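Numbering (my numbering), first residue to last: 137 to 216. Beta carbons are placed, not taken as given, at the ideal position from N, Cα and C, and that holds for glycine. All of these numbers come straight from a predicted model, not from anything done at the bench. The structure appears below as structure tokens.
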């Protein structure tokens, strides 16, 4: 069993190594507020992905019309 530990440790992967399609799927489970105020602030790459998900949610048939559109604008036009 102890001989398996080093092999398992070398298999660890950073979430940033996942393909964008997987990250987009994960992000799709988040609400607009989490995407715009938290996820988009992690790094530039996540900001781009978060905006994609926000736009998809905006266009979705299931879009909750009570959502504050200013959250989407805040992320879309935010500069670092």
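Spanning the alpha carbons of residue 186 and residue 150 requires a straight line of approximately 18 Å. Here residue 172 is buried, its C-beta having at least 16 other C-beta atoms within 10 Å. Put simply, the backbone Cα of residue 184 is about 7 Å away from that of residue 176. Between residue 159 and residue 153, the alpha-carbon positions lie close to 10 Å from each other.
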